[in-house]
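Here the structure comes first, spelled out in structure tokens, and everything after it is commentary.
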Amino acid sequence: MSTLPPCPKCNSEYTYEDGAQLICPECAHEWSVGGEAEAANDETVKKDSVGNVLQDGDTITVIKDLKVKGTSLVVKVGTKVKNIRLCDGDHDIDCKIDGIGPMKLKSEFVRKV
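Our numbering applies: residue 202 is where the sequence shown begins, and numbers increase by one.
Below is the structure:
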């Protein structure tokens, strides 16, 4: 019977100890023995070019002309994009732009309206 806590990410009961770290073999999440409070702050905050915090459903404007890779289309400065979704990765905004379609943007090239 294990006395180790379950994984805070996937609640797996099959955690094991490796030195000072606890490891979940199912999702490969690693955390320290006293790291339960740290796991709650694991999510990163996405900010726009000015420093405003972005959330799902926000409306943003593009602050720079952006070429669409693989086409001759350009997203012009001042283009308003409604109902964004935040995602992980280098391009951290998933949205649909009128006249262009679905695409991903970097938060450093947008400003919250």
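No residue lacks a Cβ here, since even glycine has one placed at the ideal position from N, Cα and C.
Can you give the Cα-Cα distance for V276 and W232, rounded to whole angstroms?
One C-alpha to the other measures close to 42 Å.
Round the Cβ separation of Y217 and E227 to the nearest angstrom and send it over; I've been treating them as touching at under 8 Å.
With a Cβ gap of about 11 Å, Y217 and E227 do not count as contacting.
In chain order, what are the residue ranges of uninterrupted beta strand (DSSP E) at least 3 long that sit wholly in the stretch 281–311?
As far as the stretch 281–311 is concerned, its whole beta strand (DSSP E) runs of at least 3 residues are 294–298, 302–306.
DSSP state of K268, grouped into three classes?
Here K268 sits in strand by DSSP.
Apart from the five residues on each side of it in sequence, which residues of its chain come closer than 8 Å, Cβ to Cβ, to I224?
So the list reads T216, Y217, E218, H230, E231, once near-sequence residues are dropped.
On the three-state DSSP scale, how would you describe Y217?
In the structure shown, Y217 sits in a strand (DSSP, three-state: E or B).
From the DSSP secondary-structure annotation, give me the bridge partner or partners of K313.
BP columns for K313 point to I261.
Using DSSP bridges, identify the partner residues of S233.
Paired residue(s): Q222.
In the structure shown, what three-state DSSP assignment does V276 receive?
Here V276 sits in strand by DSSP.
Let me confirm a value: G300 is counted as buried when at least 16 other C-beta atoms fall within 10 Å, else exposed. Which label applies?
Exposed is the call here.
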